[in-house]
Each structure stands twice: as C-alpha cells, then as structure tokens.
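A.B. asks:
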Amino acid sequence: MLRLPRWHSPIDRFSIIVAFIALLLFVLEQVNGRFWLNDLRVYYDAALAMRNGSAVYGEAFGLSSGFYKYAPVVALLFTPYTLLPFGAAAVVHFVLMVVAFVAAVRLADTLLRDHLLPGLQPAFTPLLITFLVVVVHLHRELHLGNVNVLLLCLLLFTLHQLVRGKALLAGALFGLALLVKPHFMVLVPLLVLHGQWRTLLATAATVALGLVLPALFTGWGANLLLHREWLDQMARHNAALIYLGGSAYENVNTVYSLLHRTLLGRLGAPGTNTEALIILAFIALAVGALVLHDLRKHASGPQRRRALVFHFLLLLALVPSLTLTDSEHFILALPLVLYVALQPSAGAPRWLLAAAIPAYLLYGGNWEDALGPLSERMIHYGVLGMGNLLIIALAVALYLRSHLSDPHVSNPA
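In terms of my numbering, the sequence shown opens at residue 2 and continues consecutively.
(1) To the nearest angstrom, how far is the alpha carbon of G59 from that of R141?
(2) Measuring CB atoms only, is the region 277-288 touching the region 298-310, in the sense that at least three cross pairs come out at less than 8 Å?
(3) Nearest-angstrom Cα distance between L174 and M51?
(4) Grouping DSSP H, G and I as helix and E and B as strand, with all else coil, what is A72?
(5) For T255, does the count of other Cβ atoms within 10 angstroms reach 16, so buried, or fall short, so exposed?
(6) Pair every Cβ in the region 64-77 with every Cβ in the region 206-226, then say whether three or more of these pairs are closer than 8 Å.
(7) With DSSP collapsed to three states, give me the class of A61.
(8) Would you say A349 and G388 are within 7 Å of each other, going by their C-beta atoms?
(9) Taking A23 as the reference, give the member of I243, W37, P81 and F95 with the closest Cα.
(10) Compute the distance between the beta-carbons of L259 and G386, then report whether it is under 7 Å.
(11) Could you check whether the region 334-351 touches the region 116-131, counting it as contact only if at least three pairs of C-beta atoms, one from each stretch, sit closer than 8 Å?
(12) DSSP on F79, reduced to helix/strand/coil?
(13) With distances taken between CB atoms, is the gap from I380 to L337 smaller than 7 Å?
(14) Suppose contacts are defined by Cβ-Cβ distances below 7 Å. Is G48 in contact with T80 by that definition?
(15) Taking its Cβ as the centre, do 16 or more other Cβ atoms sit within 10 Å of L268, making it buried, or is it exposed?
(16) Among residues of its own chain, excluding the 5 on either side of L145, which ones have a beta-carbon nearer than 7 Å to its beta-carbon?
(17) Should the region 223-236 be called in touch with the region 83-92, which here means at least 3 C-beta pairs below 8 Å?
(18) Quick check on R229: buried or exposed, where buried means 16 or more other Cβ atoms within 10 Å of its Cβ?
(19) Do you know how far the Cα of L319 is from the Cα of A394?
(20) Starting from the Cα of R165, find the closest Cα among F87, V150, P190 and H116 and give me that residue.
(21) Can you tell me where the alpha helix (DSSP H) holding A91 begins and where it ends?
(22) What do you reckon, are the CB atoms on T204 and G176 nearer than 7 Å?
(23) For Y257, which residues of its own chain have a beta-carbon under 6 Å away from its beta-carbon, when the five flanking residues on both sides are left out?
(24) Just to check my reading of the structure: E377 and L325 have Cβ atoms closer than 8 Å, yes? What is that Cβ distance to the nearest angstrom?
(25) Could you tell me the distance, in whole angstroms, from the CA atom of D46 to the CA atom of A300?
(26) Does the Cβ-Cβ distance between L151 and A101 come in under 7 Å?
(27) Tell me the start and end of each unbroken alpha helix (DSSP H) in the region 138-176 that is at least 4 residues and wholly inside, in chain order.
(28) When the Cα of R107 is compared with those of L153, F62, F87 and S66, which residue comes out closest?
(29) Got a sec? Which residues, its chain only, sit under 8 Å from A178 by beta carbon, not counting five neighbours each side?
(30) Please classify D295 as buried or exposed, where buried requires at least 16 neighbouring CB atoms within 10 angstroms.
(31) Going by alpha carbons, who is nearest to P271 out of R114, A308, G246 and V19?
(32) Hey, would you say the C-beta of S16 is under 6 Å away from at least one heavy atom of the ligand NAD?
(33) What residues in its chain sit with their C-beta under 8 Å from that of H445, if we drop five residues either side in the sequence?
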C-alpha cells in the first residue's frame, strides 16, 4: 500500500526536496526556452524511423551529433513516446528521470545500510551531501533527457533482487540493461564468479528475446541489417579509447587516458587501443583478485551478500571510466559517493574521509556556466575521470578496512 511521504523520515524529506528542486528546474528550463532534451530527441526520432521503416542508423537526429547508437529493440521500447507530440513526451520523460533518481538513491541507501553498513540508522546529511556532489551530472541528465538515471535505477533494483534471491527477475532486468548499454557486460564475469547461473540464464534469454523482437515488426532480413548497422555504429563510436589531443573530449575521462597522459605516454607508449586493452586486463585482474579473496573468505551467508553488493557497485562505478561516455554517465558512481558520505557515522578515520573532499570536488565540481575558462581546463585534463577513480579508490580502501576489524556503527546525531 502506498503511503504519504513523512517529513521526519530522512529519505522522505530528501525525496520531497529533490522533487521540489526538479520542479523549479523544469519551470526555469521552460521560462528560458531551454527545455530541449536533445538526447531524448534522438531516441524519439529513431523510434519514429523504426515505425516508418526509415533509416535508423547513420542519420543525425536533432543536432549534427545526434546519431542513434543503441540496439534496435531500444528504439522499439521508445515507440510509445511517439504516440505523443515530442513536447508531451519530453515532459513524461523528465518526470520519469526524476522519479528514477529518487528511487535510485533510496535503493542505494537501503542496500548500503542493510549490507555494507549494517545497523546504521537513516540520516539526512549523507543524502544531502550525495545530492550536492552528483547534482551537476543530474542537471545535465535532465537537460539532455538521457537514460543513465533510468539505467542506474534499473541496475540497483537488479542488485536488490539478487540479494533477495530473486535470480530470474534479476536476470531479466539485467538483460534489459545490457540491451540498452552493452557496457554493463563488465558485470557478467562477476555473476559467474558468484555462481549466479540462474540469473545469467535469464539474462541470456532476455537478450536473445531483445535481439529477435524487432523482427516481428521489420522482418528477419531488415532486423539483421539493423543489427549490423548498430554494431558498425558502436565500432565507430569506440574507435579510440585514449585522448591524444584536440577539442573532442569523448575519451579524456577514461582510466586509459589518465595513465597514458601521466605515465605511459611519457615512457613512449603510442596511445593505441592495444595499450587500453592491456590496462583493462590489469584492472580486470585486480578486481578479480578482490572478488576471489572475498569469495574464499565468505562462502555463504550475509557476508557473501555483502561482498556481492560491494563488487556490483564497484564495477558499476567503473563503467564510465572504462568506456567512452559523456559526463552525465558518471552518475553511475552515485552509490559509492553515498557509501563514502555515510562513513562518518560508521567510525571511519578522519584522514581517509579528508580524501573525499578533493575526490568530490573533482567528480562533481565542474559547473561549466559558473567556472568559465577554468571549466575548460578541467575538461581538458579529465578531472572528472580522476575524481571518479579517487572515489572508487576511497570506497575500496574503506571496504577493505572493514575486513580488518569488526565495523563499529553508531547512530548519527
């Protein structure tokens, strides 16, 4: 049964405040004539093209850079929007993004307090800190009308079902996320190591269904052609993973670019995708070692679920640092931002928490309209990617610290 939000509840108070700020932003966007949602325009027009049998890939929808890069089934999922004028569809999508953001924060808060910080009471301040850190990415997401907040909510609900033992539902949800962004394939080895075979089976079935479903509307030949064009579009988009200069900054925030600019490039590395793949292999080995260590230590029970939650959130936060993405995609690190923000109530050392300040500033401090030329310098040097990696490193340090001693959790004042 639905209940009314309660102001004295920290999470409900947070939800009310976010809803109010989102309403204010909606009004300001309308008044200033900036309610564009250009990314939604791409999905909307691609869905129209799918309906009409027109070209879906290789066409610029809206802006000159508005090329559709997702699977054919995703355009099919956006078809209901095309029953509305674009302006009405944009309002619906805006509301869905706000609801998904609030739901994602609520899910993250529950998962963290139930599994990583058991016994920690709900508190408003960590939620507020998290909002202030990620709000620049949320604002961009709402302005563009992207799907990252929806995916974050979907994946956190997937994790919620996993720890509840709802393997088939979790697999179906994860399969849907994979169809929208194959980047989440980084989570598949984790599910293998955790022995989530029923989840993986449901995932495979969902992906297979998503690949076949468009054929019911386009025919088999046209469906095969659409998928071939989709793969070609993805290959062009991911042609270079390391930033080597220029004004196109799509790859500047990757971990590959950071390591190349600070170390490997100075040693003569050419900056090719082979270099990126080697770095990716080392990251996979490091994460794999952490997962295997935890699995050997905890064969079953609550500690096993605890490990699964952290491993899942860790890989989720790594996704925008491993793939070519826009800045708003880094909102996927929100659960780890909240994990760090919750630590003062869990007795974390001050020196470790002090490291959160520069990490938060690098990750969420680039307000382009306010910083002017400084913002351009921050973009050029990939400080967002640095901040994301610092948050990940800090979260791992806090997680490993909790293995060394029994975590003492106290109620916030």
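All C-beta atoms in this analysis are idealised placements derived from N, C-alpha and C, irrespective of residue type, glycine included. Just so we're clear, the structure is a prediction, and the values are computed from it rather than from any experiment.
C.D. replies: Once the coordinates are examined:
(1) What you label residue 59 is simply residue 58 of the sequence shown in a count that begins at 1. What you label residue 141 is simply residue 140 of the sequence shown in a count that begins at 1. Those two C-alpha atoms are separated by around 25 Å.
(2) no
(3) Here the question's residue 174 lines up with position 173 in the sequence shown. Here the question's residue 51 lines up with position 50 in the sequence shown. Their backbone Cα atoms lie some 24 Å apart in a straight line.
(4) Position 71 of the sequence shown, counted from the first residue, corresponds to residue 72. Here A72 sits in coil by DSSP.
(5) Numbered from 1 along the sequence shown, position 254 holds the residue referred to as residue 255. So T255 counts as buried.
(6) yes
(7) In the sequence shown, residue 61 corresponds to position 60, counting from 1. It is a strand residue.
(8) What you label residue 349 is simply residue 348 of the sequence shown in a count that begins at 1. What you label residue 388 is simply residue 387 of the sequence shown in a count that begins at 1. No, the Cβ-Cβ distance between A349 and G388 is not below 7 Å.
(9) Taking the first residue of the sequence shown as position 1, residue 23 is located at position 22. Per the Cα distances, F95.
(10) For the purposes of this step, residue 259 is identified with residue 258 of the sequence shown, where counting begins at 1. For the purposes of this step, residue 386 is identified with residue 385 of the sequence shown, where counting begins at 1. Yes; because the gap between Cβ atoms is below 7 Å, this pair is in contact.
(11) yes
(12) For the purposes of this step, residue 79 is identified with residue 78 of the sequence shown, where counting begins at 1. Coil.
(13) In the sequence shown, the residue the question calls residue 380 occupies position 379. In the sequence shown, the residue the question calls residue 337 occupies position 336. Contact: no.
(14) Residue 48 sits at position 47 when you count from the first residue of the sequence shown. Residue 80 sits at position 79 when you count from the first residue of the sequence shown. Here residue 48 is Ala; the residue named in the question, Gly, does not match the sequence. Cβ distance < 7 Å, so A48 and T80 count as in contact.
(15) On the sequence shown, position 267 is the one that residue 268 refers to. The residue in question, L268, is exposed, as its Cβ has fewer than 16 Cβ neighbours within 10 Å.
(16) Position 144 of the sequence shown, counted from the first residue, corresponds to residue 145. Here the set comprises L38, N39, D40 and E329.
(17) no
(18) Locating residue 229 in the sequence shown gives position 228, where the first residue counts as 1. Exposed is the call here.
(19) Here residue 394 refers to the residue found at position 393 when the sequence shown is read from its first residue. Here residue 319 refers to the residue found at position 318 when the sequence shown is read from its first residue. About 11 Å.
(20) Position 164 of the sequence shown, counted from the start, is the residue given in the question as residue 165. The candidate whose alpha carbon is nearest that of R165 is H116.
(21) Here residue 91 corresponds to residue number 90 of the sequence shown, with the count starting at 1. From DSSP, the alpha helix (DSSP H) with A91 extends over F87 to L112.
(22) For the purposes of this step, residue 204 is taken as the residue at position 203 of the sequence shown. For the purposes of this step, residue 176 is taken as the residue at position 175 of the sequence shown. Yes, Cβ-Cβ distance for T204 and G176 is below 7 Å.
(23) Within the sequence shown, the letter at position 256 stands for residue 257. So the qualifying residues of the chain are L242, I243, A277 and I280.
(24) Walking along the sequence shown from the start, residue 377 turns up at place 376. Walking along the sequence shown from the start, residue 325 turns up at place 324. Between L325 and E377 the Cβ distance is about 20 Å, and since that is not below 8 Å, they are no contact.
(25) Here residue 46 corresponds to residue number 45 of the sequence shown, with the count starting at 1. Here residue 300 corresponds to residue number 299 of the sequence shown, with the count starting at 1. Their Cα atoms are separated by approximately 49 Å.
(26) Within the sequence shown, the letter at position 150 stands for residue 151. Within the sequence shown, the letter at position 100 stands for residue 101. Yes, the Cβ-Cβ distance between L151 and A101 is below 7 Å.
(27) 149-164
(28) Within the sequence shown, residue 107 is the residue found at index 106, counting from 1. Nearest option by C-alpha distance: L153.
(29) As a working note, residue 178 is residue 177 in the sequence shown. L152, L155, L156, T159 and F185.
(30) For this step, residue 295 is matched to residue 294 along the sequence shown. Flag for D295 reads buried.
(31) Walking along the sequence shown from the start, residue 271 turns up at place 270. The shortest C-alpha separation from P271 is found at G246.
(32) Ligands are entirely absent from the displayed structure, and the ligand NAD is therefore not among its contents.
(33) The structure shown does not extend to residue 445, since the chain spans only 2 to 414, so no value can be given for it.
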